[in-house]
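Participant: Numbering (this note's numbering), first residue to last: 93 to 458.
Glycine included, C-beta positions come from ideal geometry on N, C-alpha and C.
Note that the coordinates shown come from a computational prediction; the quantities given were computed from them, not determined experimentally.
(1) Nearest-angstrom Cα distance between residue 190 and residue 310?
(2) Give the straight-line distance between the Cα atoms of residue 442 and residue 131, rounded to the nearest whole angstrom.
(3) Grouping DSSP H, G and I as helix and E and B as strand, with all else coil, what is residue 242?
(4) Run through DSSP, which three-state label would residue 265 get?
(5) Going by DSSP, what residue range makes up the beta strand (DSSP E) through residue 315?
(6) Cβ of residue 264 within 8 Å of Cβ of residue 168?
(7) What residues match up with residue 227 in a beta bridge as DSSP calls it?
(8) Would the stretch 244–258 and the stretch 210–229 be scored as touching if the rule is three or more Cβ pairs under 8 Å?
(9) Per DSSP, what are the beta-bridge partners of residue 290 in this structure?
(10) Which of the three DSSP states, helix, strand or coil, is assigned to residue 270?
(11) First and last residue of the beta strand (DSSP E) that includes residue 448?
(12) Pick out whichever of 137, 199, 283 and 269 has its Cα sitting closest to the Cα of residue 166.
(13) Just reading off the alpha helix (DSSP H) that residue 392 is part of, what are its end residues?
(14) Could you please give the first and the last residue of the uninterrupted beta strand (DSSP E) stretch that includes residue 128?
(15) Kindly confirm or deny that the stretch 388–404 and the stretch 301–319 touch, where touching means at least three C-beta pairs closer than 8 Å.
(16) May I ask you to report which of helix, strand or coil DSSP gives residue 249?
(17) Out of curiosity, what's the CA-to-CA distance linking residue 187 and residue 177?
(18) Nearest to residue 399 by alpha carbon, out of 106, 109, 149 and 122?
(19) Rounded C-beta distance between residue 182 and residue 209? I'm assuming under 8 Å.
(20) When the distance is taken between beta carbons, is residue 412 closer than 8 Å to residue 138?
(21) Roughly how many whole angstroms lie between the Cα atoms of residue 160 and residue 296?
(22) My output table needs one value for residue 216: the three-state DSSP class, helix, strand or coil.
(23) Using three-state DSSP, classify residue 415 as helix, strand or coil.
(24) Identify, in the order they occur along the chain, each residue of the same chain with its Cβ nearer than 7 Å to the Cβ of residue 175, setting aside the five sequence neighbours on each side.
(25) What does a CB cutoff of less than 8 Å around residue 212 pick up in its chain, not counting 5 residues either side in sequence?
(26) What does the alpha-carbon distance come out to for the pair residue 447 and residue 415?
(27) Applying the 10 Å Cβ sphere with the 16-neighbour rule, what's the burial state of residue 407?
(28) What does a CB cutoff of less than 6 Å around residue 274 pick up in its chain, not counting 5 residues either side in sequence?
(29) Could you give the C-beta distance for residue 112 and residue 393, rounded to a whole number, given that I count them as a contact under 8 Å?
(30) Taking the alpha carbon of residue 153 as the reference point, which residue from 299, 308, 240 and 272 has its own alpha carbon closest?
(31) Cβ of residue 387 within 8 Å of Cβ of residue 429?
(32) Run through DSSP, which three-state label would residue 339 get?
(33) How many Å lie between residue 147 and residue 245 at the Cα?
(34) Helix, strand or coil, according to DSSP, for residue 160 in the structure here?
(35) Could you give the distance in angstroms between the alpha-carbon of residue 270 and the alpha-carbon of residue 410?
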């Protein structure tokens with residue numbers, strides 16, 4: 093009986109029902125896409141650093157995990173001292189350049205010879221290596237997203253660069269120029285933002301890390317495995333706060349729409365509730381009927397939200413192929429749980445108000 097009444101109520105106001113379902117779907121979609129984008133950004137960045145092939149990262153004191161935010165206070169000659177440490181096979185300096193022209197990009201200024209020794213060398217899809225000061229390498233994802241061809245001219249850092257080659261993605265950045273050129277453009281002469289260190293065997297990583305700490309006690313020295321473990325939103329308070337705020341906004345949207353929907357429904361059905369109470373319906377029965385209606389709307393909205401999330405991910409990746417959106421079962425469950433809890437809380441006060449209506453007053457309501 094209750095289920096039949098709930099279905100009748102939902103179908104009686106299709107527009108309001110659709111808006112309520114859409115609100116819950118947007119809530120679920122926002123939670124999953126915001127978390128997916130932020131975790132995707134972190135995971136993609138970490139995987140590309142891992143893809144360089146280094147075992148150890150050496151940065152200046154207080155350097156950021158986000159390499160584009162790191163300046164270049166380290167003398168490039170430190171690389172020679174690092175190379176003298178036992179068990180070190182190769183050292184590659186890199187100078188980071190942050191570019192906002194045509195989108196946000198991190199450009200690696202590299203010494204191609206040493207970078208190849210650490211990384212094993214680029215895989216070229218087209219073109220060849222850096223030969224001239226204003227040559228640039230782009231990875232295949234960037235080339236596809238921006239329709240870049242070998243020989244094309246690109247403007248970065250207020251200078252024109254010729255695309256010398258298109259390389260396989262996954263080795264640090266998406267854009268690479270010669271380190272000398274990066275130093276000249278930034279005024280950071282003979283400086284580097286980071287040193288990628290490769291050991292003769294990964295088993296010597298901890299030993300080499302300890303040696304570098306003794307050589308450079310104030311510098312930030314991380315094994316790549318340690319760096320990978322740190323690249324989570326929990327280790328980045330600002331990013332974690334952003335995710336929390338966005339989830340709160342999404343849950344708030346669902347809560348308010350369900351609250352308004354249930355409250356308006358009860359106002360419109362005051363006379364019907366009076367009839368039910370005059371026939372002996374208890375307060376528990378009224379509350380249960382309204383909460384069931386809110387739950388049904390939430391479940392349908394959650395399913396729709398999953399569909400919205402999948403579609404939204406495809407749209408984002410089609411528009412921005414270089415982005416990464418990681419959707420997980422864990423956050424799908426969390427998003428669904430948040431939607432149901434928010435909806436039930438939003439429906440509880442209207443349900444309580446309906447249960448407390450006096451049957452005589454309700455029957456007289458016009």
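Facilitator: In this structure, then:
(1) The residue labelled residue 190 in the question sits at position 98 within the chain shown. The residue labelled residue 310 in the question sits at position 218 within the chain shown. Rounded to the nearest angstrom, the two C-alpha atoms are 25 Å apart.
(2) Taking the chain shown and counting its residues from 1, the one referred to as residue 442 is at position 350. Taking the chain shown and counting its residues from 1, the one referred to as residue 131 is at position 39. Going by the C-alpha atoms only, they are around 37 Å apart.
(3) Taking the chain shown and counting its residues from 1, one reaches residue 242 at position 150. Of the three classes helix, strand and coil, the one that applies to residue 242 here is coil, per DSSP.
(4) Looking up residue 265 in the chain shown gives position 173. Coil at residue 265, not helix or strand.
(5) The residue labelled residue 315 in the question sits at position 223 within the chain shown. Here the beta strand (DSSP E) through residue 315 covers 312–315.
(6) Mapped onto the chain shown, residue 264 falls at position 172. Mapped onto the chain shown, residue 168 falls at position 76. The answer is no: Cβ separation not under 8 Å.
(7) Your numbering for residue 227 matches position 135 in the chain shown. Per DSSP, 254.
(8) yes
(9) Position 198 of the chain shown, counted from the first residue, corresponds to residue 290. Answer by DSSP bridge pairing, in chain order: 182.
(10) Numbered from 1 along the chain shown, position 178 holds the residue referred to as residue 270. If DSSP states are grouped into helix, strand and coil, residue 270 belongs with the strands.
(11) Position 356 of the chain shown, counting from 1, holds the residue named residue 448. Note, residue 448: premise wrong, no beta strand (DSSP E); not H, not E.
(12) Start at 1 with the first residue of the chain shown, and residue 166 comes out as number 74. Answer by Cα proximity: 283.
(13) For the purposes of this step, residue 392 is identified with residue 300 of the chain shown, where counting begins at 1. Segment 375–411, the alpha helix (DSSP H) holding residue 392.
(14) The residue you call residue 128 lines up with position 36 of the chain shown. Unbroken run through residue 128 is the alpha helix (DSSP H), 106–142; no beta strand (DSSP E).
(15) no
(16) The sequence position of residue 249 within the chain shown is 157, counting from 1. Looking at residue 249 - three-state DSSP - the assignment turns out to be coil, as it is neither helix nor strand.
(17) As a working mapping, residue 187 is identified with position 95 in the chain shown. As a working mapping, residue 177 is identified with position 85 in the chain shown. Looking at the two C-alpha atoms, the distance is approximately 22 Å.
(18) Your numbering for residue 399 matches position 307 in the chain shown. The option with the nearest alpha carbon to residue 399 is 122.
(19) Position 90 of the chain shown holds residue 182. Position 117 of the chain shown holds residue 209. That pair is a contact at about 4 Å.
(20) For the purposes of this step, residue 138 is identified with residue 46 of the chain shown, where counting begins at 1. For the purposes of this step, residue 412 is identified with residue 320 of the chain shown, where counting begins at 1. Not in contact: residue 138 and residue 412 (Cβ atoms no closer than 8 Å).
(21) Indexing the chain shown from 1 puts residue 160 at position 68. Indexing the chain shown from 1 puts residue 296 at position 204. Caution applies to residue 160, whose pLDDT of 49 falls short of 50 and renders its modelled position unreliable; the model cannot decide the point.
(22) Mapped onto the chain shown, residue 216 falls at position 124. Three-state result, residue 216: strand.
(23) On the chain shown, position 323 is the one that residue 415 refers to. Coil, per DSSP.
(24) Within the chain shown, numbered from 1, the residue matching residue 175 stands at position 83. If we look at residue 175 and ignore the five residues flanking it on each side, its Cβ neighbours are 183.
(25) Locating residue 212 in the chain shown gives position 120, where the first residue counts as 1. The residues are 145.
(26) Sequence index remark: in the chain shown, residue 447 carries index 355 (1-based). Sequence index remark: in the chain shown, residue 415 carries index 323 (1-based). Going by the C-alpha atoms only, they are around 50 Å apart.
(27) The residue you call residue 407 lines up with position 315 of the chain shown. When all chains shown are included, residue 407 counts as exposed.
(28) What you label residue 274 is simply residue 182 of the chain shown in a count that begins at 1. 187, 189 and 201, listed in sequence order.
(29) Position 20 of the chain shown, counted from the first residue, corresponds to residue 112. Position 301 of the chain shown, counted from the first residue, corresponds to residue 393. At roughly 7 Å, the Cβ-Cβ gap stays under 8 Å, so residue 112 and residue 393 are in contact.
(30) Against the chain shown, residue 153 aligns to sequence position 61. Residue 308 is the option with its Cα nearest to residue 153.
(31) Here residue 387 refers to the residue found at position 295 of the chain shown. Here residue 429 refers to the residue found at position 337 of the chain shown. Going by C-beta atoms, residue 387 is not nearer than 8 Å to residue 429.
(32) Working through the chain shown from its first residue, we reach residue 339 at position 247. DSSP places residue 339 in helix when its eight states are reduced to three.
(33) Within the chain shown, numbered from 1, the residue matching residue 147 stands at position 55. Within the chain shown, numbered from 1, the residue matching residue 245 stands at position 153. Going from the Cα of residue 147 to the Cα of residue 245 covers about 34 Å.
(34) Looking up residue 160 in the chain shown gives position 68. Residue confidence is low: residue 160 scores 49 on pLDDT, short of 50, so the model does not pin down where it sits. Its coordinate-derived value is still stated next. Three-state result, residue 160: helix.
(35) Position 178 of the chain shown, counted from the first residue, corresponds to residue 270. Position 318 of the chain shown, counted from the first residue, corresponds to residue 410. About 31 Å.
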